[in-house]
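Trainee: Would you mind keeping the following structure in view while I ask a few things?
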Amino acid sequence: MTRHRKQYGAIVVVLVGLVVLPGSGLAQEQEITGKDGAPMVSVPAGEFTMGGNEAVEEKPVHQVSLDAYYIDKYQVTVEQYAKFLDSTHHAAPPEWKIMNQPSHQKHPVVMVGWSDANTYCHWAEKRLPTEAEWEKAARGTDGRIYPWGNDLPTPLQANYGKKKWDKHASLVPVGTLEGGKSPSGAYDMAGNVWEWTSDWYDKAYYKNSPSENPKGPKRGDFKVLKGGSWHSNPESLHSANRNYSPPGDHHSHYNGFRCAKTP
């Protein structure tokens with residue numbers, strides 16, 4: 000079960016939309032489009048502050064250095080997942096007929112297990128983000144608590160605090176809450192749906208985790224979920240929060256995902 004508890008002239012034109020990778024002499028596009036048609040934003044290489052002080056599994060707060068990567072600008076939608084199902088004949092999630100309605104196409108897909116999310120990302124020539132990649136994309140490099148800063152969320156920043164599932168109507172279309180956009184330019188990294196990451200969960204992992212490109216424990220019983228959901232309380236939406244669920248859990252209205260990609 001899931002627990003419920005961020006020179007000038009022509010040369011300028013050439014550089015628009017590019018990020019220079021430190022020490023590489025190469026430039027990375029700020030936004031690309033994945034095979035699935037989803038826009039992806041660039042997260043440059045460098046350090047960020049990971050972890051928090053809200054719960055024991057978030058401690059200690061520590062510095063992590065990551066290579067550059069891309070991450071989906073939005074959570075994977077019902078519309079995108081339908082194309083994946085049509086292309087692969089992968090088994091549809093429970094309640095798919097309810098989800099796959101015209102009014103729900105831009106909502107995040109839910110009731111997908113970790114293996115479903117992982118299979119989708121590989122089909123799209125991407126992968127699930129590591130927990131560290133997810134957290135950096137959500138909170139940036141200035142140590143903020145939430146994607147927008149340090150203040151508790153408002154309904155203009157995140158979809159949270161709802162008590163009733165209401166057949167998918169408790170979700171909001173991805174990318175509609177402009178106030179919740181993260182420093183990397185990703186949307187809905189707080190609320191709407193919890194998001195699967197590639198990492199196994201270990202509440203003590205941060206005590207000995209590597210400082211460069213951590214990928215989580217080698218094994219475990221649960222996978223890490225990040226970001227909070229439509230049902231979460233405001234405090235649970237902080238970017239360092241570490242939720243977890245069995246990888247085979249595909250019966251949760253709270254869980255969705257987004258993908259990442261190595262340049």
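When we follow numbering that gives the first Met the number 0, the leftmost residue of the sequence shown carries the number 0, and every step to the right adds one. Yeah, the Cβ is synthetic: ideal placement off N, Cα and C, and Gly gets one too.
1) Have a look at GLY36 and GLU78 and give me their C-alpha separation to the nearest angstrom.
2) Can you tell which of ASN52, VAL40, PRO38 and GLY33 has the C-alpha that lies nearest to the C-alpha of TYR205?
3) State the DSSP-derived secondary structure class of THR87, mapped to helix, strand or coil.
4) According to DSSP, is GLU124 helix, strand or coil?
5) Which same chain residues end up closer than 7 Å to GLU211 when comparing Cβ atoms and leaving out the 5 residues on each side of it in sequence?
6) Classify HIS61 as buried or exposed, calling it buried when 16 or more other Cβ atoms lie within 10 Å of its own Cβ.
7) Find out if the Cβ-Cβ distance for the pair MET188, PRO152 is shorter than 8 Å.
8) Leaving aside the five residues before and after PRO246 along the sequence, list all residues of the same chain whose C-beta is less than 7 Å from its C-beta, in chain order.
9) Per DSSP, what kind of secondary structure is HIS252 in: helix, strand or coil?
10) Does the distance from the C-beta atom of SER244 to that of GLU134 stay below 8 Å?
11) Can you round the beta-carbon distance between ASN240 and TRP195 to whole angstroms, since I take them to be within the 8 Å contact cut?
12) What's the call for SER183, buried or exposed, on a 16-neighbour Cβ count within 10 Å?
13) Would you list the one or two residues that DSSP bridges to THR32?
14) Quick check on GLU177: buried or exposed, where buried means 16 or more other Cβ atoms within 10 Å of its Cβ?
15) Any idea what DSSP makes of GLY148, helix, strand or coil?
16) Is ASP198 helix, strand or coil by DSSP?
17) Excluding the 5 residues preceding and the 5 following GLU201 in the sequence, name in chain order all residues of the same chain whose CB lies nearer than 7 Å to its CB.
18) Determine the direct distance from the alpha carbon of ARG257 to that of GLU30, and round the result to whole angstroms.
19) Any beta carbon of chain C sitting closer than 8 Å to that of MET110?
20) What does the alpha-carbon distance come out to for the pair HIS167 and SER228?
21) Can you list, in chain order, the residues of its chain whose CB lies under 8 Å from that of ASP150, leaving out five sequence neighbours each side?
22) Apply the 10 Å Cβ neighbour rule to ASP198 and answer buried if 16 or more other Cβ atoms are within range, or exposed otherwise.
23) Alpha carbon to alpha carbon, how far is HIS230 from TYR119?
24) Measure the alpha-carbon distance for HIS103 versus ALA81 and round it to whole angstroms.
25) So LYS260 and ARG126 are in contact, right, with Cβ under 8 Å, and what is the actual spacing, rounded?
26) Less than 8 Å between the beta carbons of ASN191 and LEU170, yes or no?
27) Going by beta-carbon coordinates alone, are LYS277 and PRO172 separated by less than 8 Å?
28) Run through the DSSP bridge pairs and tell me what ALA131 is partnered with.
Mentor: Taking the definition as stated:
1) Looking up residue 36 in the sequence shown gives position 37. Looking up residue 78 in the sequence shown gives position 79. Those two C-alpha atoms are separated by around 11 Å.
2) For the purposes of this step, residue 205 is identified with residue 206 of the sequence shown, where counting begins at 1. Across the set ASN52, VAL40, PRO38 and GLY33, the C-alpha of ASN52 shows the shortest separation from the C-alpha of TYR205.
3) As a position in the sequence shown, residue 87 is number 88, starting the count at 1. THR87: helix per DSSP, three-state reduction.
4) Start at 1 with the first residue of the sequence shown, and residue 124 comes out as number 125. The answer is coil: DSSP assigns GLU124 none of H, G, I, E or B.
5) Numbered from 1 along the sequence shown, position 212 holds the residue referred to as residue 211. Here the set comprises SER64.
6) By 1-based counting over the sequence shown, the position of residue 61 is 62. Result: exposed.
7) The residue labelled residue 188 in the question sits at position 189 within the sequence shown. The residue labelled residue 152 in the question sits at position 153 within the sequence shown. No. Outside cutoff.
8) Within the sequence shown, the letter at position 247 stands for residue 246. Excluding positions up to five away in sequence, the list reads GLY112, TRP113, SER114 and LYS222.
9) Taking the sequence shown and counting its residues from 1, one reaches residue 252 at position 253. Assignment of HIS252 by DSSP, reduced to helix, strand and coil, places it in the coil class.
10) Taking the first residue of the sequence shown as position 1, residue 244 is located at position 245. Taking the first residue of the sequence shown as position 1, residue 134 is located at position 135. Their beta carbons are not under 8 Å apart, which means SER244 does not touch GLU134 by this criterion.
11) Translated into positions along the sequence shown, residue 240 becomes position 241. Translated into positions along the sequence shown, residue 195 becomes position 196. Going by Cβ atoms, the distance from ASN240 to TRP195 rounds to 14 Å, so no, they are not a contact pair.
12) Residue mapping note: residue 183 aligns to position 184 of the sequence shown, counting from 1. With 16 or more Cβ atoms within 10 Å of its Cβ, SER183 is classed as buried.
13) Numbered from 1 along the sequence shown, position 33 holds the residue referred to as residue 32. DSSP lists PRO38 as partners of THR32.
14) Translated into the one-based positions of the sequence shown, residue 177 becomes position 178. With fewer than 16 Cβ atoms within 10 Å of its Cβ, GLU177 is classed as exposed.
15) Against the sequence shown, residue 148 aligns to sequence position 149. Reduced to three states, the DSSP call for GLY148 is strand.
16) Residue numbering aside, residue 198 sits at position 199 when the sequence shown is read from its first letter. Residue state, collapsed to three classes: strand.
17) Residue numbering aside, residue 201 sits at position 202 when the sequence shown is read from its first letter. In the sequence as displayed, the identity of residue 201 is Asp instead of Glu. A distance below 7 Å between beta-carbons, with the five flanking residues on each side excluded, links ASP201 to the following residues of its chain, in chain order: PRO216 and GLY219.
18) As a first step, residue 30 is located in the sequence shown; it is residue number 31 there, counting from the start. As a first step, residue 257 is located in the sequence shown; it is residue number 258 there, counting from the start. When rounded, the distance between both Cα atoms is 15 Å.
19) Protein chain content of the structure displayed is limited to a single chain, and chain C is not contained in it.
20) As a first step, residue 167 must be located in the sequence shown, where it is residue number 168. As a first step, residue 228 must be located in the sequence shown, where it is residue number 229. Distance between the alpha carbons of HIS167 and SER228: 13 Å.
21) Here residue 150 is taken as the residue at index 151 of the sequence shown, counted from 1. Cβ neighbours of ASP150 beyond the five flanking positions: none.
22) As a position in the sequence shown, residue 198 is number 199, starting the count at 1. Buried.
23) To locate residue 230, count along the sequence shown from 1; it is residue 231. To locate residue 119, count along the sequence shown from 1; it is residue 120. HIS230 and TYR119: Cα-Cα distance of roughly 25 Å.
24) Taking the first residue of the sequence shown as 1, we reach residue 103 at position 104. Taking the first residue of the sequence shown as 1, we reach residue 81 at position 82. The alpha-carbon atoms of HIS103 and ALA81 are separated by roughly 11 Å.
25) Mapped onto the sequence shown, residue 260 falls at position 261. Mapped onto the sequence shown, residue 126 falls at position 127. Their Cβ separation, rounded to whole angstroms, is 7 Å, which keeps LYS260 and ARG126 in contact under 8 Å.
26) Here residue 191 refers to the residue found at position 192 when the sequence shown is read from its first residue. Here residue 170 refers to the residue found at position 171 when the sequence shown is read from its first residue. Yes, they are a contact pair.
27) The requested residue 277 does not occur in the structure, where the chain is confined to residues 0 to 262.
28) As a first step, residue 131 must be located in the sequence shown, where it is residue number 132. In the DSSP output, where bridge partners are listed per residue, ALA131 has none listed.
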